[in-house]
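Asker:
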Amino acid sequence: MKTSTSKSKKQIFKACTNCKYLVGRDVTKCPNCGSESFTDDWKGVILIIDPEKSSVSKHLKIKKEGKYALQLGV
């Protein structure tokens, strides 16, 4: 049985370096903040469903529902 030892696993999403919003690989402009800067170097996901009621979104200053990276540059 052969197993892969590659450390460069391709992420399904990339993260906006400005707001940490997660987008698909084909997106060129962040729909959340308008930035065109993205990174593949991120870790952890937080899903915000209702930013108005979420204490986590208030703490992180997230105003739009969606998927966000917890850490960039890991």
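Position one of the sequence shown corresponds to residue -17 (this note's numbering), numbered consecutively onward.
Think of the CB as a built atom: it goes at the ideal place given N, C-alpha and C, for glycine as much as any other residue.
Roughly how many angstroms separate the alpha carbons of Ile31 and Asn0, rounded to a whole number?
Answerer: Counting from 1 along the sequence shown, the entry for residue 31 is found at position 49. Counting from 1 along the sequence shown, the entry for residue 0 is found at position 18. For the pair Ile31 and Asn0, the Cα-to-Cα distance works out to about 20 Å.
Asker: Which residue's Cα is closest to the Cα of Lys49: Ile(-6), Val27 and Lys(-4)?
Answerer: Numbered from its first residue, the sequence shown carries residue 49 at position 67. Taking Lys49 as reference, the option from Ile(-6), Val27 and Lys(-4) with the minimal CA-CA separation is Val27.
Asker: Taking the alpha carbon of Val56 as the point to measure from, which residue in Lys45, Val9 and Trp24 has its own alpha carbon closest?
Answerer: Taking the first residue of the sequence shown as position 1, residue 56 is located at position 74. That would be Trp24, whose Cα lies nearest to the Cα of Val56.
Asker: Quick check on this structure: which residue in Leu52, Phe(-5), Ile44 and Gln53 has the alpha carbon closest to the alpha carbon of Asn14?
Answerer: As a first step, residue 14 is located in the sequence shown; it is residue number 32 there, counting from the start. The candidate whose alpha carbon is nearest that of Asn14 is Ile44.
Asker: Within this structure, are the beta carbons of Leu54 and Lys11 separated by less than 8 Å?
Answerer: Taking the sequence shown and counting its residues from 1, one reaches residue 54 at position 72. Taking the sequence shown and counting its residues from 1, one reaches residue 11 at position 29. No; because the gap between Cβ atoms is not below 8 Å, this pair is not in contact.
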